[in-house]
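Accompanying notes for the structure given below.
Chains as they are written, first to last, in this note's numbering: chain A, 112 to 180; chain B, 112 to 180; chain C, 112 to 180; chain D, 112 to 180; chain E, 112 to 180; chain F, 112 to 180.
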């Protein structure tokens, strides 16, 4: 499918832990993978981020939406 | 830093496009990378997802938080 | 109340399933209903979306906030 | 496509307003439409929500992901 | 209004910066203020968080919804 | 750590309630605390918000990310 999210990462399911309402699924990311972030321009400046920098990307698991084409 | 998000992905900044309020940053993910998702148990069942499946992960860019240790 | 979200959908509660920490509530949407989405301009272009198109809107249940006036 | 979000609402595009980084898209929801919300069980109790109640659902536009099958 | 979010913080508007599509609003929080977070139980354990600890709470500005009663 | 979120609130852990998959943590916010919100410019105008106004900020607990420096 075509969707309006900037990030579409291929991944293999490693484990599934089912709870009463919510479940936790773990994945191994398959390469190549690119990602994108939208933050305020103020934050870009305060973070002092520039091309070539190595950073980390924190993403809460509730924001990750698995899908099958 | 230690944080309460399941996903902490190493990445290199490839481009930064600054707008008036929001900016878009693109990254190349560095390996190895694992990810996690929390969805409803109902969705796990309807999606019919199981260990070993290859899926895709959609993540809106506004949910990706870059940080530096 | 007046709030700063673009989407304010009238709905009737159909079921409530309570879990230890989180609960899942289901609703029937009442008409008329309009919705709005904010995505990157890049995504608008890649998705090739235009006025009159029929699309689907995916929304994770954790992002839906019920309220009473 | 099959995805792991509880909400998949059919909608017709009414307008698109493009900005430098982000764009705002408006939709008319097509019937029938059901929605789901996940909130804390504490909130269910404090809100005093029960089957048959009419409520409103606030959703920030940044959490709405349009897609085409 | 009564809503289904755990966090309802009183605040005074300090500044508003309007952009083409999105705007950035800054607030001074008024006391007393309590907040709540829902994270995976796994993250609670890895973070080693316990009652009395001083931590910081990161919240992306797009997740903060101002409203008037 | 330095991160790309506008909100970084100091807080003390008051309680932790662990569930099967998700846990709920409560905090007391420590002063001084400032917060920021990004909403659509349309919402700013409809909400009629201006400098000096007292408002409330609704934030779903799943969007609050605790971390330790």
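In this text, a Cβ means the ideal position worked out from N, Cα and C, and glycines have one as well. In this text the structure is predicted, and so the values were computed from the model without any measurement.
Let's see if you can read the secondary structure: which residues bound the beta strand (DSSP E) around residue i?
{"i": "residue 168/E", "result": "165-170"}
{"i": "residue 135/F", "result": "133-140"}
{"i": "residue 155/B", "result": "Careful: residue 155/B lies outside any beta strand (DSSP E), inside the alpha helix (DSSP H) at 152-158."}
Could you tell me which residues DSSP puts in a beta bridge with residue i?
{"i": "residue 177/A", "result": "168/B"}
{"i": "residue 54/A", "result": "Absent from the model: residue 54/A. The displayed extent of chain A is 112 to 180, so no value can be given."}
{"i": "residue 119/D", "result": "169/C"}
{"i": "residue 146/D", "result": "138/C"}
{"i": "residue 113/F", "result": "179/B"}
Starting from the beta carbon of residue i, find every residue of chain F whose beta carbon is closer than 7 Å, and list them in chain order.
{"i": "residue 112/B", "result": "112, 178, 179 and 180"}
Are residue i and residue j close, meaning C-beta to C-beta below 7 Å?
{"i": "residue 133/F", "j": "residue 133/C", "result": "yes"}
{"i": "residue 115/B", "j": "residue 158/E", "result": "yes"}
{"i": "residue 124/E", "j": "residue 164/F", "result": "yes"}
{"i": "residue 126/C", "j": "residue 136/D", "result": "no"}
{"i": "residue 178/D", "j": "residue 144/C", "result": "no"}
{"i": "residue 173/B", "j": "residue 173/D", "result": "yes"}
Mind pulling the chain A residues with CB within less than 8 Å of residue i?
{"i": "residue 135/E", "result": "151 and 153"}
Taking C-beta pairs closer than 8 Å, name the residues in chain E that residue i reaches, listed in chain order.
{"i": "residue 132/C", "result": "149"}
Determine the chain A residues that contact residue i at a beta-carbon separation under 7 Å, and present them in chain order.
{"i": "residue 172/E", "result": "151"}
So with CB distances below 9 Å, who are the chain E contacts of residue i?
{"i": "residue 165/F", "result": "121, 122, 123, 124, 141 and 179"}
Sorted by chain position, which residues of the same chain lie with C-beta nearer than 7 Å to residue i's C-beta, five sequence neighbours on each side aside?
{"i": "residue 119/C", "result": "none"}
{"i": "residue 160/A", "result": "166"}
{"i": "residue 138/F", "result": "122, 123, 124 and 125"}
{"i": "residue 150/A", "result": "none"}
Using a Cβ cut-off of 9 Å, pull out every chain F residue sitting near residue i, in sequence order please.
{"i": "residue 116/A", "result": "The contacting residues do not exist; residue 116/A stays about 17 Å from chain F at best."}
For residue i, return the contacting residues in chain B, with the cut-off set at a CB-CB distance below 8 Å.
{"i": "residue 161/E", "result": "Chain B residues near residue 161/E: none, gap ~13 Å exceeds 8 Å."}
Which residues in the same chain as residue i place their Cβ atom closer than 8 Å to its Cβ, once the five residues preceding and following it in sequence are excluded?
{"i": "residue 180/B", "result": "112"}
Can you name, in chain order, every residue of its own chain whose Cβ lies under 6 Å from the Cβ of residue i, other than the five neighbours on each side?
{"i": "residue 117/C", "result": "147"}
{"i": "residue 128/B", "result": "135"}
Which chain D residues are close to residue i, counting only those with a beta carbon under 8 Å from its beta carbon?
{"i": "residue 144/B", "result": "Here the premise fails: no neighbours, minimum Cβ distance about 19 Å."}
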